[in-house]
Amino acid sequence: MTNNNIHSQLLNKVKKGTKLVGVSVGSGISAVNASKNNADLILFLSSGIFRNRGVSSLGAYLAASNSNDLNLSIFDRDIATKKIDTPIIFGLMATDPTINIENFISCLKDRGIFGINNYPTVGLIDGQFRNYLEEHNLGYDQEVRAIKIAKQKGMFTTAFVFNEIQIKQMLDAGADIICLHLGLSVGGDLGTKQIKSLQYTNHLIQQIFHSFNEDILQEKMIMLYGGPIKSQQDFQYLCDQNEFINGYIGGSLFERIPTEEGLKVAIDNFKYSSDEHMISFMNKKDKSPEEYINFVQAYIHQHYYEYISLNELADILYISRPYLSKLFKQVIGKSFKEYLVMYRLARAEYMLLNTNQSVKEIADSVGYNDYAHFSKLFKQKYGLSPTHYKTTN
1 MTNNNIHSQL LNKVKKGTKL VGVSVGSGIS AVNASKNNAD LILFLSSGIF RNRGVSSLGA
61 YLAASNSNDL NLSIFDRDIA TKKIDTPIIF GLMATDPTIN IENFISCLKD RGIFGINNYP
121 TVGLIDGQFR NYLEEHNLGY DQEVRAIKIA KQKGMFTTAF VFNEIQIKQM LDAGADIICL
181 HLGLSVGGDL GTKQIKSLQY TNHLIQQIFH SFNEDILQEK MIMLYGGPIK SQQDFQYLCD
241 QNEFINGYIG GSLFERIPTE EGLKVAIDNF KYSSDEHMIS FMNKKDKSPE EYINFVQAYI
301 HQHYYEYISL NELADILYIS RPYLSKLFKQ VIGKSFKEYL VMYRLARAEY MLLNTNQSVK
361 EIADSVGYND YAHFSKLFKQ KYGLSPTHYK TTN
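Letter by letter, the sequence shown follows residues 1 to 393 in the working numbering.
Rendered as structure tokens:
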């Protein structure tokens with residue numbers, strides 16, 4: 001498969017309205033499962049290797065190993081030996097002083113690697129240390145150069161960017177995908193504890209991309225990476241506000257957090273009944289704001305087809321309704337009601353496309369006894385009535 005083929009296939013999906021999904025992995029089993037489950041791209045980044053060792057993704061930034069050597073050795077052992085049809089994008093540390101960048105990129109291409117991504121990237125480094133790197137020719141310009149070289153060699157290129165200037169640099173270098181890196185993922189045991197709301201992220205996206213006209217944005221595939229996005233609903237919220245976004249690349253969201261949460265659920269299910277789960281949470285002292293909201297989200301996901309009120313949840317959690325309402329909007333970036341409606345409509349959309357249920361049955365199964373109200377909400381979000389949406393997709 002050539003760079004042009006990959007580019008054309010992905011661009012065709014985008015033009016049909018499909019959102020692209022890239023999965024950043026650090027192990028063979030993650031790569032195999034990502035491919036089996038229709039990921040559009042697989043990024044093999046050294047941060048994923050550290051995730052699979054049970055430490056933070058930031059391990060890739062420490063002098064514990066040479067990122068390129070580590071990435072290549074694990075790739076040869078765990079990835080190249082598997083049958084994976086999805087294009088593999090290699091995380092290349094372009095500021096590695098021990099390699100000849102042109103020769104190294106040629107080596108990657110000879111191994112059957114389809115493309116590169118500039119990672120680890122100095123874009124996550126700031127302050128005095130970043131200034132020193134730039135002064136000693138170990139800065140972001142080297143990453144731009146690597147993308148340009150790979151593109152000239154016929155490889156597919158995915159560029160992490162952090163600001164407007166870097167977008168322009170990577171566009172000039174010919175990057176196939178411009179991916180705005182939003183920082184480390186929120187959530188899980190190894191995730192960042194700093195919460196930046198979806199509203200803040202939306203403002204950041206609009207601020208960075210505001211100077212680019214629609215023609216430029218339509219010519220390139222624009223994706224997001226990391227940040228506060230914890231679900232498809234979070235991602236959809238940002239897409240609704242920024243129509244030029246074509247997809248999402250996740251590492252921890254797809255590889256680490258499901259493992260952490262799934263393992264806990266699997267073990268707890270052997271130990272406790274569902275009632276004991278709630279009792280266990282309620283008996284826990286010093287609950288964090290995020291834990292309260294995780295509980296509310298989980299409750300919605302399990303009971304979306306039932307009547308749900310914020311008052312009821314506030315009573316369950318023994319906190320005031322106004323406080324829970326404020327906390328929910330602060331953490332999630334939208335109100336409780338907005339999130340509940342968004343989740344129910346997302347479930348309805350899935351059922352419309354993947355089941356033989358009637359539209360009225362679907363409305364009822366996602367918690368709307370009033371079909372007219374359901375139809376109005378659905379049309380506001382998707383631009384079509386549920387019936388029309390089902391027949392045209």
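All residues carry an ideal CB built from backbone N, CA and C; glycine is no exception.
If contacts are defined as beta-carbon pairs under 8 angstroms, then residue i and residue j qualify, I think. What distance do you get, rounded to the angstrom?
{"i": "Tyr248", "j": "Ile229", "result": "7 angstroms"}
{"i": "Met155", "j": "Lys109", "result": "6 angstroms"}
{"i": "Ala60", "j": "Pro120", "result": "5 angstroms"}
{"i": "Asp40", "j": "Val21", "result": "5 angstroms"}
{"i": "Gly226", "j": "Leu263", "result": "Contact doesn't hold; Cβ gap of about 22 angstroms is too wide."}
{"i": "Gly251", "j": "Ser47", "result": "6 angstroms"}
{"i": "Ser32", "j": "Ile74", "result": "The identity of residue 32 in the sequence shown is Val, whereas the question assumes Ser. Not quite, the Cβ-Cβ distance comes to about 14 angstroms (not below 8 angstroms), so this is no contact."}
{"i": "Leu317", "j": "Leu324", "result": "7 angstroms"}
{"i": "Gly174", "j": "Thr157", "result": "7 angstroms"}
{"i": "Ala34", "j": "Thr86", "result": "7 angstroms"}
{"i": "Ile101", "j": "Ala146", "result": "6 angstroms"}
{"i": "Gln236", "j": "Ala363", "result": "The Cβ separation is near 20 angstroms, so there is no contact."}
{"i": "Ile308", "j": "Ile300", "result": "6 angstroms"}
Bridge partners for residue i per DSSP, in chain order?
{"i": "Leu92", "result": "Asn118"}
{"i": "Gly250", "result": "Val23"}
{"i": "Val161", "result": "Leu180"}
{"i": "Phe336", "result": "DSSP, once it has assigned bridges, lists no residue as partnering Phe336."}
{"i": "Met223", "result": "Cys179, Gly247"}
{"i": "Ile42", "result": "Val23, Ile88"}
{"i": "Phe156", "result": "Gly115"}
Between residue i and residue j, what straight-line distance do the alpha-carbon atoms span, to the nearest angstrom?
{"i": "Phe374", "j": "Thr18", "result": "24 angstroms"}
{"i": "Ile257", "j": "Asn52", "result": "11 angstroms"}
{"i": "Asp370", "j": "Arg344", "result": "14 angstroms"}
{"i": "Lys168", "j": "Ile125", "result": "20 angstroms"}
{"i": "Val366", "j": "Leu384", "result": "18 angstroms"}
{"i": "Asp172", "j": "Glu243", "result": "23 angstroms"}
{"i": "Asp401", "j": "Ala94", "result": "Within the shown structure, residues of the chain are numbered from 1 to 393, placing residue 401 beyond reach of any answer."}
{"i": "Lys36", "j": "Ile88", "result": "14 angstroms"}
{"i": "Gln152", "j": "Leu62", "result": "31 angstroms"}
{"i": "Arg111", "j": "Gln207", "result": "39 angstroms"}
{"i": "Asn68", "j": "Glu291", "result": "37 angstroms"}
{"i": "Asp176", "j": "Ala150", "result": "11 angstroms"}
{"i": "Glu306", "j": "Val341", "result": "12 angstroms"}
{"i": "Gln232", "j": "Ile105", "result": "34 angstroms"}
{"i": "Cys179", "j": "Glu214", "result": "17 angstroms"}
{"i": "Asp234", "j": "Leu198", "result": "7 angstroms"}
{"i": "Ala159", "j": "Glu338", "result": "33 angstroms"}
{"i": "Lys334", "j": "Cys239", "result": "14 angstroms"}
{"i": "Ile49", "j": "Glu312", "result": "43 angstroms"}
{"i": "Asn71", "j": "Phe44", "result": "8 angstroms"}
{"i": "Cys107", "j": "Asn246", "result": "30 angstroms"}
{"i": "Asp76", "j": "Ile113", "result": "11 angstroms"}
{"i": "Gln142", "j": "Lys16", "result": "35 angstroms"}
{"i": "Pro289", "j": "Ser320", "result": "13 angstroms"}
{"i": "Ile216", "j": "Phe209", "result": "11 angstroms"}
{"i": "Ile79", "j": "Lys148", "result": "25 angstroms"}
{"i": "Gln380", "j": "Ser27", "result": "42 angstroms"}
{"i": "Phe254", "j": "Ile42", "result": "11 angstroms"}
{"i": "Ile29", "j": "Pro322", "result": "45 angstroms"}
{"i": "Glu260", "j": "Ala266", "result": "10 angstroms"}
{"i": "Tyr389", "j": "Tyr382", "result": "8 angstroms"}
{"i": "Phe295", "j": "Asn12", "result": "39 angstroms"}
For the ligand ADP, any of its heavy atoms closer than 7 angstroms to the Cβ of residue i?
{"i": "Leu70", "result": "Because no ligand of any kind appears in the structure shown, any question about the ligand ADP cannot be addressed here."}
Is residue i buried or exposed, if buried means 16 or more other CB atoms sit within 10 Å of its CB?
{"i": "Ser8", "result": "exposed"}
{"i": "Asn4", "result": "exposed"}
{"i": "Lys376", "result": "exposed"}
{"i": "Lys193", "result": "Unreliable positioning characterises Lys193 in this predicted model, as indicated by a pLDDT of 40, which lies under 50. The coordinate reading is nonetheless provided below. The residue is exposed, with fewer than 16 neighbouring Cβ atoms inside 10 Å."}
{"i": "Asp189", "result": "With a pLDDT of 48 at Asp189, under the threshold of 50, the predicted position of this residue should be treated as unreliable, and no value is reported."}
{"i": "Gly127", "result": "exposed"}
{"i": "Leu224", "result": "buried"}
{"i": "Phe129", "result": "exposed"}
{"i": "Phe270", "result": "exposed"}
{"i": "Asn118", "result": "buried"}
{"i": "Asn393", "result": "exposed"}
{"i": "Phe378", "result": "buried"}
{"i": "Glu135", "result": "exposed"}
{"i": "Gly123", "result": "buried"}
{"i": "Ser56", "result": "buried"}
{"i": "Gly54", "result": "exposed"}
{"i": "Ala314", "result": "buried"}
{"i": "Ile6", "result": "buried"}
{"i": "Tyr368", "result": "buried"}
{"i": "Ile165", "result": "exposed"}
{"i": "Thr201", "result": "buried"}
With 8 angstroms set as the bound, which would you pick, yes or no: does the beta-carbon of residue i sit closer than that to a beta-carbon of chain C?
{"i": "Arg51", "result": "Of the protein chains in the structure, only one exists, and it is not chain C."}
Tell me whether the region 348-366 and the region 315-329 touch, counting them as touching only if at least three CB pairs, one residue from each stretch, are closer than 8 angstroms. no
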